[in-house]
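The structure under discussion appears below in the form of structure tokens.
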Amino acid sequence: MRLYSLEIKNFKSFCHKGMKIDFRPGLSMIAGPNGSGKSNIGDSLLFVLGTRSSKTVRADKLDDLIHNPANGDKKVSRAEVKAVFVEDRDDESFETVEISRTIEENGSEINSTYFINGKRSKHSEVDRFLENIGIQLDSYSFVLQGDINKFIYVSGNERRKLLESIAGIDAYNMRINSAKEKIDEIDKTILASETLRTEIEENIAVIEKEAEKLREYKKLNSDIVDLRATALSIQIRGIEIDLSGHQQSMEESEKKIADIKAILDDLDKEREVLAQKRMEIEKGIGEKIQKELESIRKGIESKKLERARSEISASNINISIDKERALIETNTGKIEEIDEEIDNLAKGFNELMKREEELKYRETSLRAQINQKIELQRNKTEEYRKATDELTVIEKQLKENSTITEKIRREESEESKKFKGLETKLGIKEENLTNEKYRLSETQWQLNQIKKDEGGNRSKNESLSKKYYELQSQIKELERERTETRSKMDNLGKEVERMRSEMGSRGFANKSISAIMEAKARGAISGIHRSIGELISYDEKYALAVEAAAGGRLNSIVVDNEDVAQDCIELLREKKLGRVTFIPLNKILPGRPRGKALTIIQQDRTTSLLSQQVKCQDVYANAIWYTFQDTVLVDSAEIAKKYMTGVRIVTLDGDIFEASGAISGGFMNRSRTTFNFSELDSKEKLLEDLRERFNSLDHDIRNLRQEYDDISKQLMDISKSGGEGKGKSDSLEAQLKESQKIRESLELEIQTLKIELKNSSASLEKLQELITKEEEKKASLEKRKNELYMIIGDNKEEGNDLSELQKELEKISNEQTSTMSIKSSNQTTMKKISERKSELMMENDNLIKNINAETTEKDRIEEEIAKFGNEIGRLEEEEEKLNENNRKIIQGLKEIERQLSDISQKSAGLESDMKNNENAVLTSKIKIQNFNEKLSALKEELRQNGGNVIIDYSSAQKANSEIAIRMAKLQEIGAVNQLAEEDLKRDMQRKENLVEKIDILKREVDSLIKLMAELEEVKTRVLLDLYGKVKIEMREIFKRLTRGGDVDMYLSDESNPLESELLIKAKPKGTTYTKLQSLSGGEKSLVALSFIVAVQRIKPSPIYFLDEIDMFLDGTNAEAMGELLRENSNTSQIIMISLKNAMSKFANSLFGVTMNKAAGCTEIFSKSFGGE
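Quick note on the UniProt record's numbering: the sequence shown kicks off at 1 and runs consecutively.
Pasting the structure below:
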């Protein structure tokens, strides 16, 4: 597979419009003047193939790769490089793979993205593609400027390491180191697992007791449920019997109503017969009078019927009001009982308050007596005096130790400042040397051009020369400002480093954490927050508890995700700075307290979870849980002893009571004090601004140098047609000599500074060793100091009286705890009773509202009844008037009316009886409804209660009595851990899992040890195999390039190849064997090229990129190298940057690179050759 094309957009010197380069098979040569952007082609290819370091592509940071227009155009914030690879086939078809990579500025971040055939991909997928086609970025597939010198001037050990890298030894070493690290991690895991198993086993013993207690508790609760079900069942049976009686009574009333309705029906038939007879009599009456009489009579009957209905409604309302008034009276009685109970509870609460005050007073008195006894005990104890004397001596030694340590730290700080100063000075000198070399090269170039041709256009030459020196002055001024900015950066960097060191000495950070936070400040790693200790805040009284419980986890660093954590770990491993725990916010899980912890907090209001006393932003809640778990905070060790085992407890003094029963405590110094993080942040921000200014200056200098190069090129063009004369030549020769003197002076100063820097580094290491020794001595003194504190505190000469007082104090403390518990219980009971009272009062209010509404309705109905009576009277008067006019007819009808009246009276009596029976039915229905509601409620309660009915019980009172007995037993048992069985099951499973995990880990350690031994053997075999092949190939290639010369690569100790030096001696044609350092520049280059080509032959790549590897070759040697590369291009595609004319005749394709000064962009033109 070969490179088909390379498309570059907005990358380094290539403009955003882009440039596409089509490559042919064989040898492609790239040529062009300095500064035109030739090497940027190789940089773009490395970039798209996935180089991780911006240094590899000659840039300080990723955003330097984005093209910055020199003509004032707006900068485009995105760069893209696209490479197309093809696989030629015999049938003239080909397979294509397109790889592209983009970088884009997004605020302060740079986003990098890969694509394979247009699909977004990972960097690892690009690596697999390169591995599949045989391209190795870390071998000699790419030979960049400086690789030749790197091979020549490194030591024998470094050269052997280079061969190891090519042979892939680094991969074996990484696997061996990874295996070692994994063994260490597994050993730690095994130790932690064994410890955890012991803790779990101890915890299981405790939880088994709690589980037994829980089983008894559940048995009593189960009995209570069954007894309550029995009592409810008995009540239900009683209600069902009453319900049956009321249903029978209602059925009897309904039967009576049916009988009355039958009699009424007969009376209605009799009334109809009489009415018919009356109608026949009334035929003689005029139609009008008859209609009026009929209308009046119908009206009277209608009104009487409506009045009867209203009277029934009024009667029903009276019944409802009587029931509601009876319920109000019942509720009022209950409210009076509740008020009496509240008064009794309030009296008991006041008595408890008085007793609590008495206990507090007695506690204060006892503590004063105990303190007095302790003071007398201290004064009388000889052991106390000795311990005090020794403690005084130790305090003095600690003070001296602190003074010495501080002195050494000051010396270390001074030496560190000196070291930083030397580094800065060395950097400036090396930069000055580079600039001086650049000026020397420019002066030499100008002198050569003047000597070539002294003709030309003087006027234009003077104008360009003036601009040339103006730019030279501007570059010097910017370089001066850049040097000053670097000095400010170094000073501010020292101040930031000092503050970080101070932060570390106060317990906020160590070297590892400082390195991580420095990477955050530089922007090298994004997604870092701060350590747990810096993210939390808490009341000062909890300080010792927080520091003791969290321990080293306070130094854990919070990051966004696991990728950020891995980047930080790689940084620490690279700098060998130790280990740090990282907490990725996207992975850390929330937790819940164990049952024992919740039980303690519920029983004792003075306790709480320690994590609840720590304040932080919500986003860090899971990280805080990881730090403190369900550690319970208590006031004193006495309380901790009361609840210890099964849960982790910490006191305000920092004493730890582990769940396993282990206790740790003693004297504890505050390791953390306040620190001004805002000042550190502001200084870090200022440092970042200085870095940006430095980068801006560096960018401006590069642009001016580009313009400087362009003017130099124009001067060179002018110098082709004319010179400046001998005066200019003499001036330049004088400048050349002066620059050579300055360069020699700078090189001498740089050598001296390197020696001083080495000595300063050695002094720093010695001072750090002294600090470590003093800190170890301090730790030993602190340990003895704590032992003496224990001796002083354990003096018991006056122990008898003191013990009695302490027992009495403990008794008072227990009584106080009991009193507080009873108070809390009383308050809860009062609250529940008050709520019940409120419910009853609310119910009465609703009933009164109903009575008022019903009374209003009753009054309205009675008014209607009166209106109906008045209306009936009026209609009867009208009827009487009509009868006066028809007296004779009426006399005939009187008997009929009398009979009808009798029927009506009898009907009214029957209707009254029916009404009474209907009321009885209604009352029975209401009672049945109430019984049904009560029955439904009891059945629902029975359903919710569950349980089994006990057949032996016939009385609910007996069942309730048994419930009271079991409730008393539950009270005796007290609080239980409801999660005990679940915790026991979980811990048993955890134990089983741990045992299995430990066995697996031990087998894994054995497997890793065997793997390490096998890898050590493979390393030696692989290195010797590559060494032998390269040695043979290198000799053959060197012999060809030098036309008869010889070279020998050998190991200083072949019996131990992994520790020996890789040495080279060469014998150019016609000479004897000579060490590599004694060869000429061209001969050294031939040796290095022989090695590189030998490696390429043994580990072939389909594509090679070579950047000016012929820099130090003369024409003859360059031609020999070109001939060799042309042969190699038959099997591999070779892309080469060269300025040698002798090399160009072997190229299949030639690419010219130039700089468009107007646009500030690189442009490329190409030419292909069909023949040789």
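Don't be surprised by glycine CBs; every beta carbon is placed ideally from N, CA and C. Given the structure is predicted, the values throughout are model-derived calculations rather than measurements.
Residue 976 sits away from residue 645, with the two beta carbons spaced by 8 angstroms or more. Taking a cut-off of 8 angstroms for Cβ pairs, the segment 1002–1014 and the segment 620–627 do not touch, as fewer than three such pairs fall below it. Under the DSSP definition of a beta bridge, residue 86 partners with 2, 96. With contacts defined by Cβ atoms closer than 8 angstroms, residue 684 and residue 521 form a contacting pair.
The alpha-carbon of residue 60 is positioned some 13 angstroms away from that of residue 110.
For the set 558, 524, 711, 516, the Cα lying nearest the Cα of residue 577 is the one of 516. Taking a C-beta distance under 8 angstroms as the contact criterion, residue 3 and residue 1103 qualify as a contact pair. Following the DSSP letters along the chain, one finds residue 1144 inside the alpha helix (DSSP H) bounded by residues 1141–1144. Residue 648 is not a Cβ neighbour of residue 640, given a cutoff of 8 angstroms. When secondary structure is reduced to three states using DSSP, residue 16 falls in the coil class, being assigned neither helix nor strand.
Annotation: the continuous beta strand (DSSP E) that includes residue 1136 extends over 1133–1137. Beta-carbon to beta-carbon, residue 1062 and residue 156 are separated by about 5 angstroms, close enough to satisfy the 8 angstroms threshold. DSSP, reduced to helix, strand and coil, places residue 904 within a helical segment of the structure shown. Nearest Cα to residue 564 within the set 601, 537, 519: 519.
Counting only runs of at least 3 residues, the UniProt domain "SMC hinge" (526–644) fully encloses the following beta strand (DSSP E) elements, listed from N- to C-terminal order: 528–531, 557–559, 582–584, 632–634. The C-alpha of residue 164 lies about 19 angstroms from the C-alpha of residue 179. Taking 3 residues as the shortest admissible run, the segment 1027–1107 contains the following complete beta strand (DSSP E) segments, listed from N- to C-terminal end: 1046–1051, 1062–1067, 1103–1107.
A distance below 8 angstroms separates the beta carbons of residue 471 and residue 708. Put simply, the segment 404–416 touches the segment 767–781. At least three CB pairs are less than 8 angstroms apart. Residue 1149 is positioned such that its CB atom lies closer than 8 angstroms to that of residue 1166. Between residue 920 and residue 253, the gap from beta carbon to beta carbon is short of 8 angstroms. At the C-beta level, residue 1111 and residue 1041 stay beyond 8 angstroms of one another.
Residue 19 holds the alpha-carbon nearest to the alpha-carbon of residue 1153 among 112, 19, 1132, 9. In the three-state reduction of the DSSP assignment, residue 650 falls in the strand class. Sequence-distant partners of residue 778 (beyond 5 residues in either direction) whose C-beta falls short of 8 angstroms from its own C-beta, in its chain, are 398, 401, 402, 405. Residue state for residue 1157 is assigned as coil, using DSSP reduced to three classes.
Under the rule that a run must span 4 or more residues, the alpha helix (DSSP H) segments found entirely inside the segment 145–228 read 147–153, 156–167. Around the beta carbon of residue 918, a 10 Å sphere encloses 16 or more other beta carbons of the protein chains shown; the residue is thus reported as buried. Excluding residues up to 5 positions away in sequence, 220 lie with their Cβ nearer than 6 angstroms to the Cβ of residue 970 in the same chain.
When rounded, the separation of the alpha-carbon atoms in residue 487 and residue 76 is 32 angstroms. In the structure shown, residue 949 adopts coil according to DSSP, grouped into three states. Note that the C-beta distance between residue 973 and residue 216 is below 8 angstroms. Listed as beta-bridge partners of residue 31 by DSSP are 1152.
Relative to the Cα of residue 962, the nearest Cα in the group 1091, 24, 227 belongs to 227.
Taking 8 angstroms as the cut-off, the beta carbon of residue 582 is found closer than this to the beta carbon of residue 556.
Cβ atoms of residue 584 and residue 562 come within 8 angstroms of each other, at about 5 angstroms.
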